[in-house]
Each structure stands twice: as structure tokens, then as C-alpha cells.
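Enquirer:
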Amino acid sequence: MADGVLVRYFAAAADAAGRLEETLPAVETVGALRAVLIDKYGDPMTRVLASGSFLVDGVVSRDDSRELGLRVDVLPPFAGG
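Quick note on numbering: the sequence shown equals residues 1284 to 1364 in the working numbering.
Here it is, written out as C-alpha cells:
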């Protein structure tokens, strides 16, 4: 496992985090990352993650057991068809 994971934030997720990206200590799964982000950014991030998703190595995932790679994008819910 790598020493850290690059987390990039988009739209409402960037607003909740107050930044566009950061490197966080390595965590193994989407669920572990979700917990770290909620602990770090509180209610604003909780709202984004309630209906948002993660892009893990180019694959959209809402599965908390999915293993992480070196980069994860935090995507808010998107409107449209």
C-alpha cells in the first residue's frame, strides 16, 4: 500500500473541503476514506457523500468495501439526464 492517497474534490465536495485536492494518509477502502472525510470536514461533507460517489482509478464506486488506489476523486451528485 502507498504512503498516502491523493484525494481530488469537485464542485460541492471542493466547497465542503475548502480545497481542490490534498494527500491524506493511506486508507484501504472507500468506507475508510468516507469516515476520514466526514471526521475531518463534518456535516458539509456528510451531505455531499450521502448522494455523491467516489471515482477510484477511473471507476465510479459507492461500494464502501472497494479498495483504493493512489488517487480518488470525490464527486458530488450531478443533475441532468
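Built from N, CA and C at the ideal position, the CB exists for glycine as well. This structure is a prediction, so every number in the text was calculated from the model and none was measured.
Got a sec? Which residues, its chain only, sit under 8 Å from residue 1314 by beta carbon, not counting five neighbours each side?
Expert: Closer than 8 Å at Cβ, skipping near neighbours: 1347, 1348.
Enquirer: Can you list, in chain order, the residues of its chain with a C-beta nearer than 7 Å to that of residue 1307? Leave out the 5 residues immediately preceding and following it.
Expert: Excluding sequence neighbours, residue 1307 sits near 1287, 1288, 1290, 1319.
Enquirer: Helix, strand or coil, according to DSSP, for residue 1363 in the structure here?
Expert: In this prediction, residue 1363 scores a pLDDT of 49, lower than 50, which makes its location untrustworthy; no coordinate-derived value is stated.
Enquirer: Once DSSP output is grouped into helix, strand and coil, what is the label at residue 1310?
Expert: In the structure shown, residue 1310 sits in coil (DSSP, three-state: anything other than H, G, I, E or B).
Enquirer: With DSSP as the reference, please indicate the residues paired to residue 1287 in a beta bridge.
Expert: BP columns for residue 1287 point to 1308.
Enquirer: I need the boundaries of the beta strand (DSSP E) containing residue 1356, first residue and last residue.
Expert: That run of the beta strand (DSSP E) goes 1354-1358.
Enquirer: Buried or exposed for residue 1337, going by 16 or more other Cβ atoms inside 10 Å?
Expert: Answer is buried; the Cβ neighbour count reaches 16.
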